[in-house]
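Quick notes on the structure that follows.
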Amino acid sequence: MLTRKQYELLRFIHERLKESGVPPSFEEMKEALDLRSKSGIHRLITALEERGFIRRLPNRARALEVIRLPDSAAPGLATGRRGFSPNVIEGSLGRVRAPSPGSDDDNMRPIAVPVMGRIAAGTPISAIQSRSHTIHIPPEMLTTGEHYALEVRGDSMIEAGIFEGDLALIRKTDSADTGDIIVALVDDEEATLKRLRKKGMSIALEAANPAYETRIFGPDRVRVQGKLVGIFRRY
Numbered sequence: 084m085l086t087r088k089q090y091e092l093l094r095f096i097h098e099r100l101k102e103s104g105v106p107p108s109f110e111e112m113k114e115a116l117d118l119r120s121k122s123g124i125h126r127l128i129t130a131l132e133e134r135g136f137i138r139r140l141p142n143r144a145r146a147l148e149v150i151r152l153p154d155s156a157a158p159g160l161a162t163g164r165r166g167f168s169p170n171v172i173e174g175s176l177g178r179v180r181a182p183s184p185g186s187d188d189d190n191m192r193p194i195a196v197p198v199m200g201r202i203a204a205g206t207p208i209s210a211i212q213s214r215s216h217t218i219h220i221p222p223e224m225l226t227t228g229e230h231y232a233l234e235v236r237g238d239s240m241i242e243a244g245i246f247e248g249d250l251a252l253i254r255k256t257d258s259a260d261t262g263d264i265i266v267a268l269v270d271d272e273e274a275t276l277k278r279l280r281k282k283g284m285s286i287a288l289e290a291a292n293p294a295y296e297t298r299i300f301g302p303d304r305v306r307v308q309g310k311l312v313g314i315f316r317r318y
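Taking our numbering, the leading residue of the sequence shown gets 84, the next gets one more, and so forth.
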C-alpha cells in the first residue's frame, strides 16, 4: 500500500518514461510533487524501491526502472488530497481489556500484537501501512486498549533506551501529553518515533540523542498515531 506522495511519484516517473524513455531528474520530481527539498524525493524513491515498485540501475545517473504499478489505486490517491487519510496502522490490533473477575487464566494469556512495519528513530521514513507478522506479549507489558508494534530504525532515541532493532510497543491513540514518546505522522507522509513537546501553538518532536535537532511544526502538520508503552528486545 502506497502513500499519496509515493503513488504520485511512481505515476510521474512512469509517465515520463513512457513519453521520453528517460526518467525525470530529482529537481523535476521535487517540482512535480511540490516538495521543499530533494531529501523528500530520496525518501520516496527508497520507499518505492523497498516495496518493489521501482529499481535503481547501477552505474548510470538518473537510471530508474518501473517494475510494476499498484493493482488498484487506493481511494483518494488519484483524486487529490481531499479524502485521503493515510494511517500508520491497519488491520486488527492486539486489544487488552480490563481484567474480568474470576478469569485469571484468560487475564494471564499472552496478547497477540501485530508488527506493522518499521518506525524511524532518526530521519523520518515513509508512513507505515503494512502488517508484517505477529508477536505475543505478556499482558502486564501492555495497557488497556488496542496495541501494535513497530521495529525501530535509527539511533535518535538511544538516550531514552530505545535502540535500532528494538520493537516499540505502541498503544493506539490520537492524543498525547508533553513528554510522551509518540508515533508522529508528519505531513501525512512520514512516520517517526519522538518525544512530544507542545510549545504554544507549535508541536516539537524531540530526539533523545544530541546529534539530532528538535523539529518544530505547526499543529496541523503532525498527527499522533500512538504512545509508546514498552520496548521488546531480543538478545
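Just so it is clear, CB atoms sit at the ideal spot from N, CA and C, and this is done for glycine as well.
Per DSSP, the beta bridge partners of Ser285 are Lys282. Using a 10 angstroms sphere on the CB of Ile245, the tally of other CB atoms reaches 16 or more, which defines it as buried.
Assignment of beta-bridge partners to Gly313 by DSSP yields Leu252. Judged by DSSP in its simplified three-state form, Gly123 adopts helix. Under the DSSP assignment, Glu102 falls in the alpha helix (DSSP H) whose first and last residues are Arg87 to Ser103.
Counting the other CB atoms within 10 Å of its CB gives Lys101 a total below 16, which places it among the exposed residues. For Phe109, the uninterrupted alpha helix (DSSP H) segment begins and ends at Phe109 to Leu116.
Residue burial is scored here from C-beta neighbours: Val266 has at least 16 other C-beta atoms within 10 angstroms and is therefore classed as buried. From the listed residues Gln89, Glu273 and Ala243, the smallest Cα separation to Asp263 is found for Ala243. The beta carbon of Val307 is closer than 7 Å to those of Thr256, Asp257, Ser258, Ala259, Ile265 and Ala267 in its chain, skipping five residues each way along the sequence. Exposure of Val105 is indicated by the presence of fewer than 16 other C-beta atoms within 10 angstroms of its C-beta. Burial state of Met284 is exposed, judged by a 10 Å Cβ sphere holding fewer than 16 other Cβ atoms. Per the C-alpha coordinates, the member of Asn292, Ile150 and Val196 positioned closest to Lys277 is Asn292.
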